[in-house]
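For reference, the structure discussed in these notes is given below.
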Amino acid sequence: MTTDDVRPGGLAVWAPSKTPPIGVDLTEEQMLAVAFRHLADLGFAENMAGHITWQLDGRTDMLVNPWGLWWKELTASDICVVDEDARVVRGRWDVTPAIHIHTELHRLRPDARVVIHNHPYYVSVLAALGVLPELMHQTGALFLDDMHLVPTYDGEIDAPWRAIELAKEVGSANMILLANHGVIITGGTLAEAVYRAASIERVCKLAYDVMLTGRTPSAMNRGDLIGMKASLIERAADVYWAGAARMTIKADRAVLD
Ligand SMILES: [Zn+2]
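Each residue of the sequence shown is one higher than the last, beginning at 1 in the UniProt record's numbering.
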């Protein structure tokens, strides 16, 4: 077998007959609140910065967190709804103009039903260096051929035109590293996007720690990475999400309020 032979992966190779469920029916607002709390628990959120937007299938408006609440304190009733131009149409609080990053990406990328942005620490280390993480571990396969570096990012998005320029630049990637800033993660489902967001911080931490050794990492076969990527997306994302939801709800059921 050469290193270019593609190893099959995903549900075509193995599909579980049963997987552990969340165990409770959740509204979309409850699911989103759980996603905020879970990612905050992992250290993904820099206090109250960043957004997760979720544009449900067939809709142009989107669910989002309001300005001023930390990700780790959000509950379902805090979730706002904004229209495609970022005007609040439902909710108790306001949103910031930074949300235009999300509205413009949703507009250009109908595949991206969920957009997550924040400044997790190890992502921010690589963003400060202006480099994408080298993929050298199974989890990194999730981002194979799916990363884009925005080499110059001049800070706050305070007007729609800045967000339109950015959205045009990022193309079809599901992981966009913004130099000197943070990351944008996209996904076709909430589970997929949350799994990518949780994984990218770990991938960047691993890449950074390997860089610190000053040694050349062992190379992975591209063909193997392709199979692993399919397995992670098709088989792991939903199961990951169900576990994250179970643990988050168990930790504080008030997240569903
Ligand atoms: Zn930001």
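Quick reminder that beta carbons are idealized off the backbone N, C-alpha and C, glycines included.
Anything with a beta carbon under 7 angstroms from a heavy atom of ligand 1 counts; list them all in chain order.
Environment of ligand 1, chain-ordered: A49, G50, A98, H117, N118, H119, H181, G182, taking every residue with Cβ within less than 7 angstroms of a heavy atom.
List, from N- to C-terminal side, the alpha helix (DSSP H) runs of 4 residues or more that fit wholly inside the region 41-122.
Within the region 41-122, the complete alpha helix (DSSP H) segments of 4 residues or longer fall at 100-108, listed in chain order.
Counting Cβ pairs, one atom from each stretch, are 3 or more of them under 8 angstroms apart for the region 223-230 and the region 121-141?
Taking a contact to require three or more Cβ pairs closer than 8 angstroms, the region 223-230 and the region 121-141 qualify as touching.
Could you give the residue range of the beta strand (DSSP E) that holds V150?
V150 -> beta strand (DSSP E) spans 147-150.
Using the C-alpha atoms, what's the distance from A167 back to H51?
For H51 and A167, the distance between alpha carbons rounds to 16 angstroms.
Compare the C-beta of D158 against all C-beta atoms of chain B and say whether one is closer than 8 angstroms.
Chain labels in this structure do not include chain B; a single protein chain is all it has.
Rounded to whole angstroms, what's the CA-CA distance from V115 to E104? Just pull it up for me.
Taking the straight line joining both Cα atoms gives about 11 angstroms.
For the alpha helix (DSSP H) that G10 lies in, which residues bound it at each end?
Here G10 belongs to no alpha helix (DSSP H), and DSSP marks it neither H nor E.
Go ahead and pull the three-state DSSP assignment for M175.
It is a strand residue.
C-beta contact flag for E29 and D61 at 8 angstroms
No; because the gap between Cβ atoms is not below 8 angstroms, this pair is not in contact.
Checking 8 angstroms against the spacing of the C-beta atoms, do I79 and A33 come in under that value?
I79 is a Cβ neighbour of A33, given a cutoff of 8 angstroms.
Would you tell me roughly how many angstroms separate the C-alpha atoms of A159 and V255, rounded to the nearest one?
A direct Cα-Cα distance of roughly 32 angstroms separates A159 from V255.
Roughly how many angstroms lie between the CA atoms of L126 and G23, to the nearest whole one?
Whole-angstrom Cα-Cα distance: 38 angstroms.
Three-state secondary structure assigned by DSSP to G243
The answer is helix: DSSP assigns G243 an H, G or I state.
Should residue 291 and Q55 be called a contact, given that it needs their Cβ atoms to be closer than 8 angstroms?
No answer is possible for residue 291: the residues shown for the chain start at 1 and end at 257.
Just to confirm, is the Cβ distance from E201 to F44 under 8 angstroms?
Cβ atoms of E201 and F44: closer than 8 angstroms.
Between the CA atoms of R215 and H102 - distance to the nearest angstrom:
If you draw a straight line from the Cα of H102 to the Cα of R215, it is about 38 angstroms long.
Would the region 234-253 and the region 8-20 be scored as touching if the rule is three or more Cβ pairs under 8 angstroms?
Look at the beta carbons and you see the region 234-253 touching the region 8-20: at least three pairs across the two are nearer than 8 angstroms.
Which stretch, first to last residue, makes up the alpha helix (DSSP H) that contains G187?
Note, G187: premise wrong, no alpha helix (DSSP H); beta strand (DSSP E) at 182-187.
Span separating the alpha-carbon of S77 from that of W93:
A direct Cα-to-Cα measurement between S77 and W93 gives close to 11 angstroms.
Where M48 and D5 are concerned, what is the direct C-alpha to C-alpha distance, given to the nearest angstrom?
Looking at the backbone, the Cα of M48 and that of D5 are separated by about 45 angstroms.
The alpha helix (DSSP H) enclosing Y208, as first and last residue numbers:
That run of the alpha helix (DSSP H) goes 190-213.
May I have the straight-line CA-CA distance separating V131 from K205, to the nearest angstrom?
In this structure, the straight-line span from the alpha carbon of V131 to that of K205 is close to 13 angstroms.
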